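Take a look at the structure below.
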Amino acid sequence: MKNIVLLLFALVVGAGNIFAGNEGKEEDYRRSSMYSILIKHDDQKFSKEIGEVFLNIPTPDKYNDHNLSVRVISVNSKVKDENVFNEFIEKNAIASRMVSRWFNRDPYTGECNVELVKSRGLYNASEFDKELASQSIRGKAILEDAGEDLISNTFLVVNDIRYLDREKAGQTAGAVFRILGTVADAALGTDSFSDLGNTMGTMMETLKGFKVLVNTYLYQLVWDEETSATFYKMYYSSVPDVEKVKAFNANRDKFRLQYVGSQKSSGKDVSFIGVNLSDPHVMIRKACQRAIDENIASLQKSFEVFKVKTPLLGVEPITAYIGMKEGITVDSRFEVLEVVENDGKREYNRVGIIKPVPGMIWDNRYMATEEGAVGSELGFTTFKKVSGRDFYPGMLIREIK
Amino acid sequence: MKFRQRTLIFLSAALMTLGLYAQDLEPDVNDKGKFGYVNSAGAVVIKYDYSEAGPFENGLAKVKKGKKYGYINEQGQPVGKIKYSYVMPFVNGYSRVAVGGKTKDGIFDGGKWGFIDRNGNEVIPPVYDEIGNFVNGFAYIMKGAKYGLVSEDCRIVLQAENVAVGEFDKNGLCWYAESGKFDDKDNLTDAKYGLISQTGHVLKPKYKSLGYFYTIDIGGGDKVDFEASGEVDNMNFFSLRKKNSQLYNENCFLDALLISAENDAQRDSITRQYGQIKISAYDGYIYAIEKEGRFAVFSQDGKKVFEDNSVGGAYCPVDGVILAYYGSGDRKNYFYYNIETQKSFSFGAEYILSSFSYGLGRVEHKGNKSVFFVNKHGDMVTPTYPFANKFEDGICVVKDAASGKVGVIDNNGRNVIEFKYDDAQKSFAEGYLGVSMNGKWGVIDKNDKSIVPFKYAFVTNVSNGWVGAKDKSGKFGYINLDSEIMVPFIWDDLKIISEKEPRYVWGKKENKWYCYDRQNNGYAFERCFDNVNNFENGFATVMLNNKYGKINTKGETVVVPLLDSASELQQALLYMEHLGKKNMTETDILRMKIYSDPTVNGYRITDTIPSEKWDF
């Protein structure tokens, strides 16, 4: 009798523990910031629909929305001048506008503020203001921290999305970007990107002959010591200042974007289960969004600067709101990072390594639930510890090679 | 004792099986890439037989063996057959499954769908090309481009034999069309509609139009009854054009009007004019038109209460009487139809009839506008009046033909207030009526007691306990029902108050609107505007140079008056809330306009985009 009572008691306690690992909610954490642009090809079918669909695709939830008003630009595939996109970035002073966004700069009065820096950086608002005002060493460190960990982690992601006819196989993709590959070689001293634009990429088969080719190009905002010092001294003003407005407008070319790399979509796993086939926008959205997400996940794996840090949701079991959309597979490995603040600067120290549990990887890709995909109902991915000490919720994880 | 022990152990094991997630079993993969299940100690419980394995939920897990899907229980036994090309999660104890078809490059096509229960039984065999999502307990089924309906407990309530079906609405009714075709915008045309309730058929599909009666409330107490005539019926017909739409959907009225808009400005204008309209549908009766003139009215349980082969249109039955007419335009010939006696009665083509109210029908002469009232059998209950409003709260303001004086009657035709006033407001408001005698206006109650003495040049209807009045100098002010001055008589006009005892009241002087602060007995602030709305939650909409903006009670600008319309102002307020700001500067508004400017995303890669298109 006593054994049975104990057995029942164990069951009750056990039932209570089922969700113990999942009680925590996702906490705020610092994200990189992203501005994403679509290049659409007006001389091809579905260009208008692709443009409409793209504007409805939200910024991935692991990034801050750093979009500007212009999101879609058109190109004629027959354009021969390959430097056009570089010129577009420069003559429209995109880098300076991305900086303006960070400081909520009023283009008419020149007024700036640091509210966005404070909120995205998760700084204590009143402490931030006090330290800045006092112009102390700690205040300077806070600004440096904001620069290194926040403003310099601002990216421009350019998605070149094209519809391709089966009959026109062999077309060269991304001719516009070929020169940029060369530029990247020179800047980064590698030859990893010189095949950029010379291959077509894998096309996605779709119902009724609709196929999409997506090439994604990644740029990073340059925010080094020289750039930030010049900005704070010459252009930042917390009150209307006509002279600073003129100075900033005359010197927009002082701000730059640096090319990082690119990715072509494979797209072979997209199905149209769950899609209402009489509504082409849903089909196009699913095709485009899956490819864009896939490219972003690949860019994250390839480029250290673009990797996302995701907080742990629970520790018994180890869980996080991350899944197949971010490119997780059974072979993925993640480092667990502890966030430490040192005199106003944030540092991330590795304290362990984890890997996903097979069969417990969340399928959070766009419309995975509608297509009844295995794992779409999980809500989070469960991990196993490979090495390290005890973890606690709120620690961050980041994929490693 | 042993029996009790065995029972308790059994119950414990049962509890474990019923647990939301199996604590013990997790999918695991071996080094050959095959899936099985292990317990928390890592011991294999179910062999590595599967190419895919999902987690257990309520005792079942979805698995793939070879190329087929199915379910297994925690003992590893198949529940039903593992033979499906596709399997969806369980909803209300049923899982949608598909057989046949194939997946090529990620696309599943050609399968046939049905349902299995948690024991693996095919409660609906997989013969359907599509099955929709469940809404209000029902989903559509489709076989060879024909539609039907299935309930959540897997009853086929409508066979898949129809061109289109709607969705069950809040009254448990769903339309369907056995015939018809879709145009290039996917609107159903030339259809014959029927109606089905959740328990069976209501109307056979032989009607070119059907739907609910409804009232359109355009504000200020004015309501218009919808006239079912088979011509323009925004609310119902919009629903009937779209597959899987609900018949009872009051939002359809505005959506149907917006169809005619060719651009954003027109959409804006329509939304401005009609967006505040409230639609109230009567859910007791359905009208159905078989063809021109062939008109019927049914109660919701499908019983026919009226039918006529040459009716032009009809209104919702009230007090058991239907108002209908023959003919059209200026030649409408109205009549009443008593549902109980099945008799109709009319008064000639020179009369306009109104729907019954408080047991009486209002009959108005088209020429001289005189009015009399009749009962449900068509008998005159009152004499003819040169003027009579409609009955409200069982009483009606009327003018006597003989004396020319105004009084009030009840719905038996008896005077509750004698014919003694020279003039009056059309109806009581808040229980009071403005009336005049010997050239002076005052206010009386329903018992004819004088509330506000007869000393004003004019009085408005009572609103929130105040009366707008004009004094002998021609200036307006507000008084309360104790005749105390609430707002002094210094104004050319006053906005009608929208709450009791407001602190701020807008008054007009020399064509500009000023804000009067009652607490300080003076102007709230110096600023004035071309037009205004009353303050609400501390903010008021204002207009300056035909542009809309918003101010607070200190007269400070919350949204600079730069917006072209009230709906654009609404957008600005939502945007302001989204930004977490307390006001919108000129830059904020210019940014907001940029974000809704479609030309911003219309530039080419060779363009230098103008600076006014950039938000930063």
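If you read the sequences in order, they're chains P and E.
Here our numbering is used: the first residue of the first sequence is 628, the next is one more, and so on.
Here our numbering is used: the first residue of the second sequence is -13, the next is one more, and so on.
Note that beta-carbon positions come from the ideal geometry of N, C-alpha and C, so glycine has one too.
All of these numbers come straight from a predicted model, not from anything done at the bench.
- Message: By the 8 Å beta-carbon criterion, what residues does the region 27 to 42 of chain E contribute toward chain P?
- Response: Against chain P - using a Cβ distance shorter than 8 Å - the residues of the region 27 to 42 of chain E are Glu38, Ala39, Gly40, Pro41.
- Residue range of the alpha helix (DSSP H) that Phe239 of chain E falls in? Residue 239 of chain E sits at position 253 when you count from the first residue of the second sequence. First-last of the alpha helix (DSSP H) with Phe239 of chain E: 238 to 244.
- Task: Could you tell me which chain E residues have their CB closer than 9 Å to the CB of Asn878 of chain P, listed as they occur along the chain?
- Result: On the first sequence, residue 878 of chain P is found 251 positions in, with the first residue counted as 1. Residues of chain E passing the Cβ test: none, with the nearest at roughly 15 Å.
- Query: Based on the DSSP output, what are the partners of Cys382 of chain E in its beta bridges?
  - Reply: Mapped onto the second sequence, residue 382 of chain E falls at position 396. Cys382 of chain E is bridged to E:Ile395.
- Rounded distance between the beta-carbons of Pro13 of chain E and Pro985 of chain P, thought under 8 Å: Position 358 of the first sequence, counting from 1, holds the residue named residue 985 of chain P. Position 27 of the second sequence, counting from 1, holds the residue named residue 13 of chain E. Sure, about 6 Å apart at Cβ, within 8 Å.
- Message: For Glu293 of chain E, list the residues DSSP reports as bridge partners.
- Response: Taking the first residue of the second sequence as 1, we reach residue 293 of chain E at position 307. Paired residues: E:Ala282.
- Pick from E:Gly87, E:Arg489, E:Asn450, E:Pro41: whose alpha carbon is nearest that of Lys606 of chain E? Beyond the ends of chain E as shown, which are -13 and 602, falls residue 606 of chain E; an answer cannot be given.
- Query: Does the separation of the CB atoms of Gly345 of chain E and Glu326 of chain E fall below 8 Å?
  - Reply: By 1-based counting over the second sequence, the position of residue 345 of chain E is 359. By 1-based counting over the second sequence, the position of residue 326 of chain E is 340. Taking 8 Å as the cut-off, the Cβ atoms of Gly345 of chain E and Glu326 of chain E do not count as close.
- Task: Indicate the three-state DSSP secondary structure (helix, strand or coil) for Met725 of chain P in the structure shown.
- Result: Counting from 1 along the first sequence, the entry for residue 725 of chain P is found at position 98. DSSP places Met725 of chain P in helix when its eight states are reduced to three.
- Query: Quick one: Cα of Glu293 of chain E to Cα of Arg280 of chain E, how far?
  - Reply: For the purposes of this step, residue 293 of chain E is taken as residue 307 along the second sequence, with counting starting at 1. For the purposes of this step, residue 280 of chain E is taken as residue 294 along the second sequence, with counting starting at 1. Cα-Cα distance, rounded: 7 Å.
- Given that Phe712 of chain P touches chain E, what residues does it touch there, using C-beta distances under 9 Å? Working through the first sequence from its first residue, we reach residue 712 of chain P at position 85. Those within 9 Å of Phe712 of chain P in chain E are Ile591.
- Message: Pop quiz: Ala510 of chain E and Tyr490 of chain E are said to be a contact at Cβ under 8 Å. What is the actual Cβ separation, rounded to whole angstroms?
- Response: By 1-based counting over the second sequence, the position of residue 510 of chain E is 524. By 1-based counting over the second sequence, the position of residue 490 of chain E is 504. Ala510 of chain E to Tyr490 of chain E, Cβ: 6 Å. Contact.
- Query: For chain P, is any of its Cβ atoms less than 8 Å away from the one on Pro547 of chain E?
  - Reply: Counting from one through the second sequence, the residue named residue 547 of chain E turns up at place 561. Cβ-Cβ to chain P under 8 Å: no for Pro547 of chain E.
- Using a threshold of 8 Å, state whether the C-beta atoms of Asn587 of chain E and Gly678 of chain P are closer than that. The residue labelled residue 587 of chain E in the question sits at position 601 within the second sequence. The residue labelled residue 678 of chain P in the question sits at position 51 within the first sequence. Contact flag set, yes.
- Query: Any C-beta of chain P sitting closer than 8 Å to the C-beta of Thr594 of chain E?
  - Reply: Here residue 594 of chain E is taken as the residue at index 608 of the second sequence, counted from 1. For Thr594 of chain E, the answer is yes, since a Cβ of chain P falls inside 8 Å of its Cβ.
- Nearest to Ser340 of chain E (by Cα), restricted to the options E:Gly353, E:Asn157, E:Phe377: Here the question's residue 340 of chain E lines up with position 354 in the second sequence. Its Cα nearest to that of Ser340 of chain E, the residue E:Phe377 stands out among E:Gly353, E:Asn157, E:Phe377.
- Which one or two residues does DSSP pair with Met128 of chain E in a beta bridge? Position 142 of the second sequence holds residue 128 of chain E. Note: Met128 of chain E sits in a beta bridge opposite E:Glu116, E:Tyr133.
- Chain-ordered chain E contacts of Asn719 of chain P [CB-CB under 7 Å]: As a position in the first sequence, residue 719 of chain P is number 92, starting the count at 1. Contact of Asn719 of chain P with chain E by beta-carbon distance below 7 Å involves Thr594, Ile595.
- Own chain residues within Cβ distance below 7 Å of Gly313 of chain E, not counting five before or after: Stepping through the second sequence from its first residue, residue 313 of chain E is reached at position 327. Hits under 7 Å: Gly298, Asn319.
- Message: So, with DSSP's three-state summary, where would you put Val909 of chain P?
- Response: The sequence position of residue 909 of chain P within the first sequence is 282, counting from 1. For Val909 of chain P, the secondary structure class from DSSP, reduced to helix, strand or coil, is helix.
- Message: Is it buried or exposed, Glu962 of chain P, if we count other Cβ atoms within 10 angstroms and call 16 or more buried?
- Response: On the first sequence, residue 962 of chain P is found 335 positions in, with the first residue counted as 1. Buried: at least 16 other Cβ atoms inside 10 Å.
- Identify, in the order they occur along the chain, each residue of the same chain with its Cβ nearer than 8 Å to the Cβ of Glu116 of chain E, setting aside the five sequence neighbours on each side. By one-based count along the second sequence, residue 116 of chain E stands at place 130. Only Trp99, Tyr126, Ile127, Met128 meet the Cβ criterion.
- Task: Please report how far the alpha carbon of Ser469 of chain E lies from the alpha carbon of Gly417 of chain E, in whole angstroms.
- Result: Sequence index remark: in the second sequence, residue 469 of chain E carries index 483 (1-based). Sequence index remark: in the second sequence, residue 417 of chain E carries index 431 (1-based). Roughly 16 Å separates the two Cα atoms.
- Message: Using beta carbons (cut-off 8 Å, strictly below), is Val586 of chain E in contact with chain B?
- Response: In the structure shown, chain B does not exist; the protein chains are P and E.
- Query: Ends of the beta strand (DSSP E) at His187 of chain E?
  - Reply: The residue you call residue 187 of chain E lines up with position 201 of the second sequence. If you look at His187 of chain E, you'll find it in the beta strand (DSSP E) that goes 186 to 193.
- Report back the beta-carbon spacing between Met661 of chain P and Val784 of chain P to the nearest angstrom; my notes put them in contact at under 8 Å. Here the question's residue 661 of chain P lines up with position 34 in the first sequence. Here the question's residue 784 of chain P lines up with position 157 in the first sequence. Contact flag correct, Cβ pair sits at about 6 Å.
- Task: Determine whether the Cβ of Phe1010 of chain P lies closer than 8 Å to any Cβ atom of chain E.
- Result: Here residue 1010 of chain P refers to the residue found at position 383 of the first sequence. At a cut-off of 8 Å between beta carbons, Phe1010 of chain P makes no contact with chain E.
- Query: Between E:Glu350, E:Ser183, E:Gly353, which lies nearest to Gln286 of chain E when the distance is taken from Cα to Cα?
  - Reply: Stepping through the second sequence from its first residue, residue 286 of chain E is reached at position 300. If we check each option's Cα against that of Gln286 of chain E, E:Ser183 comes out closest.
- Roughly how many whole angstroms lie between the Cα atoms of Tyr500 of chain E and Leu560 of chain E? By one-based count along the second sequence, residue 500 of chain E stands at place 514. By one-based count along the second sequence, residue 560 of chain E stands at place 574. Using only the alpha carbons, I get a separation of about 27 Å.
- Item | Host alpha helix (DSSP H) of Val869 of chain P (start-end) | In the first sequence, the residue the question calls residue 869 of chain P occupies position 242. Per DSSP, Val869 of chain P belongs to the alpha helix (DSSP H) from 869 to 877.
- Message: Strictly by DSSP, which residues pair up with Ile1024 of chain P?
- Response: Position 397 of the first sequence holds residue 1024 of chain P. Ile1024 of chain P pairs with P:Thr937, P:Val963.
- When DSSP builds the beta bridges, which residues end up paired with Thr527 of chain E? The residue you call residue 527 of chain E lines up with position 541 of the second sequence. Thr527 of chain E is bridged to E:Lys536.
- What number of angstroms, rounded off, separates the C-alpha of Gly118 of chain E from the C-alpha of Glu153 of chain E? Locating residue 118 of chain E in the second sequence gives position 132, where the first residue counts as 1. Locating residue 153 of chain E in the second sequence gives position 167, where the first residue counts as 1. Note on geometry: alpha-carbon atoms of Gly118 of chain E and Glu153 of chain E lie some 11 Å from one another.
- To the nearest whole angstrom, what separates the beta carbons of Val143 of chain E and Glu164 of chain E, a pair I think is in contact under 8 Å? One-based indexing of the second sequence puts residue 143 of chain E at position 157. One-based indexing of the second sequence puts residue 164 of chain E at position 178. With 8 Å as the limit, Val143 of chain E and Glu164 of chain E do not qualify as a contact, their Cβ atoms being about 15 Å apart.
- Task: Determine the burial state of Gln145 of chain E: buried for a count of at least 16 other Cβ atoms within 10 Å of its Cβ, exposed for fewer.
- Result: As a first step, residue 145 of chain E must be located in the second sequence, where it is residue number 159. Under this definition Gln145 of chain E is an exposed residue.
- Task: Verify the CB distance criterion: does Phe755 of chain P have a CB-CB separation below 8 Å to chain E?
- Result: On the first sequence, residue 755 of chain P is found 128 positions in, with the first residue counted as 1. No, Phe755 of chain P does not count as interfacial toward chain E.
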